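Heads up: the structure comes next, in structure tokens.
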Amino acid sequence: MSGDLRTTPDAHPVDAGDDRAPRSGRLSAKGVGPAAPVSEDTRIAIEIRDLVQRDQLDEARERFGELVTIHQRRASRIAYQYLRDASEADEAVQDAFVKVFSHIGSYREAWPFEVWFTRILINGCLDRRKARSRRERWFVAGEVSAADEARVSTAKGRTDPEHKLLARERRARVAAAVDRLDGRQRTVFMLSQYGDCTPKEISAMTGLNESTVRVHLFRAARKLRGLLGGVEKKP
Amino acid sequence: MRHQHLLEERLFECYLAERAGERPDPPAADHLVDCQPCAERYADLSAFMDGLQAEGTAEADAIFTHDRLKAQHQRIVERLLHVAHPARIIRFPGRRSVDFVRRSMTTSTSHGSSRWIAAAAAAGLFIGVAVGASYNYSAHNRSPQAFAPQVGAPLLNPVAVRGDNQQSAADDAFLSDLDIALERPHTRELLAFDAFTPHARDVVLNR
């Protein structure tokens, strides 16, 4: 299982806002659809779509800058955790925003903007992971750049070499453990932990049933605790 | 009186509910208040999950600093400038351009000169056809023997054709054709390759 969000027929990011898709009805029933109050970013996205349709592109771009500001940090976190490479994550985030703007005409308010955008971002990240795994068959895998590593170490306040080494090892262990998760479990776990998404939102993003999302999350947590030595006391 | 502890799944549900700011399942919440071992297990689970989240978030935030995000924002804005301006495509001359050329030709040249051009083209065509016909006529009037070597040119032996005795040359050519036919591969698939491949015998004979 790859965890690709396009596994369901109506899950293509560009088509994500299609009202005809049966998922739209299911979303409405769950309260993520039009019945839910429209969030700020969704409202801006609708405005941008209308501006683009009226061919007022300069104004649309200006408004889109606000959306970028709202979602940029969260998107970078998710992309970085998926790709474990700062430059590639940076590019993935840029690509996702550009793709969103290019296809804003197909956006429907039945979907919260965050859900639509995150799907596009994650599909981009998954494509990059696939491309990288193909590359890595032929080339040696790149490591985290020294500059990024130094940034992470200094940001944590401790600069002694021993602490740096331990922290680096721990991060590598966590990344390896997350990487060992099953594709869907990994996607669900990352969206929950690094994307701050609720199971309901993850359900909308992935097309999985909400209870399935909860089961995936639970299994991911249990597996990670087993791999990372987290205490799992038996009652 | 309590007989059972909470299962891991129930503890995890409580954790998810708390994270989402929702109220956990009331029986489970009551149990967590009353049962010390379950409360400890819940605290461990929460600490583990929160620790993972905090560490991952801090790591990403340390790399994606304010400046880096600002630069990223700038690059996105720059890329968006090109979104509505697709690459310029140079159109293949279509109907409009052909019409334009036709119109410009008719307007820029006089009727007299176009008539001259047409007449010259017709004359050229006529002369070409006439010369071709006369050439073919003279070729047909030649003796049939003169054509003999040309018919099977690639297979014939030029040395034999140039010989004095034309009859024996024709016989040699016939026998040579037979030899070649027998030497050829009998597999149908190989015939095409054989036809394209120069043979040593041709090279020797053509020398």
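From first to last, the protein sequence lines stand for chains A and B. Be aware that the first sequence starts at 723, since it is given in this note's numbering, and climbs by one per residue. Be aware that the second sequence starts at 46, since it is given in this note's numbering, and climbs by one per residue. All C-beta atoms, glycine included, are put in the ideal place defined by N, C-alpha and C. Being a predicted model, the structure only gives us computed values, none of them experimental.
The beta carbon of residue 128(B) falls within 7 Å of a beta carbon belonging to chain A, placing the residue at that interface.
Considering only 920(A), 907(A) and 832(A), the residue with the shortest C-alpha distance to residue 937(A) is 907(A).
At least one C-beta of chain B is nearer than 7 Å to the C-beta of residue 916(A). Against chain B, the CB of residue 809(A) has no partner CB under 7 Å away; the residue lies outside that interface.
Residue range 779 to 805 is occupied by the alpha helix (DSSP H) that includes residue 779(A).
Per DSSP, residue 828(A) is not a residue of any alpha helix (DSSP H), being assigned neither H nor E.
Contact annotation, residue 65(B) with residue 920(A): C-beta distance approximately 5 Å; criterion of less than 8 Å satisfied. In summary, residue 923(A) is buried, with 16 or more beta-carbon neighbours lying within 10 Å of its beta-carbon over all protein chains present. Per the Cβ contact rule, the region 66 to 86 of chain B is not in contact with the region 773 to 789 of chain A (fewer than 3 Cβ pairs under 8 Å). Around the beta carbon of residue 212(B), fewer than 16 other beta carbons lie within 10 angstroms, which makes this residue exposed.
Residues of chain A with a Cβ closer than 9 Å to the Cβ of residue 160(B) do not exist, since the nearest Cβ in that chain sits about 52 Å away. Cβ atoms of residue 114(B) and residue 794(A) come within 8 Å of each other, at about 5 Å. Between residue 71(B) and residue 934(A), the alpha-carbon positions lie close to 22 Å from each other.
Assignment of residue 49(B) by DSSP, reduced to helix, strand and coil, places it in the coil class.
Near chain B, meaning a CB-to-CB distance below 7 Å, the residues of the region 809 to 828 of chain A are 812, 815, 816, 819, 820, 823 and 824. Counting only the Cα atoms, residue 812(A) lies some 28 Å from residue 950(A). At a beta-carbon threshold of 7 Å, none of the residues of chain B lie near residue 840(A); the nearest stands roughly 15 Å away. In the three-state DSSP reduction, residue 180(B) falls in the helix class (H, G or I). The C-beta of residue 902(A) comes no closer than 7 Å to any C-beta of chain B. Between residue 835(A) and residue 786(A), the C-beta spacing is not below 7 Å. Distances from the CA of residue 796(A) to each of 122(B), 108(B) and 218(B) were compared; the closest alpha carbon is that of 108(B). Comparing C-alpha distances from residue 774(A) to each of 914(A), 911(A) and 829(A) shows the shortest one belongs to 829(A). For residue 802(A), a Cβ of chain B is located within less than 7 Å of the residue's own Cβ.
For residue 118(B), the neighbours in chain A by C-beta distance under 8 Å run, in chain order, 787, 790, 791 and 794.
When 820(A), 762(A), 771(A) and 804(A) are compared, the shortest CA-CA separation from residue 792(A) is found for 762(A).
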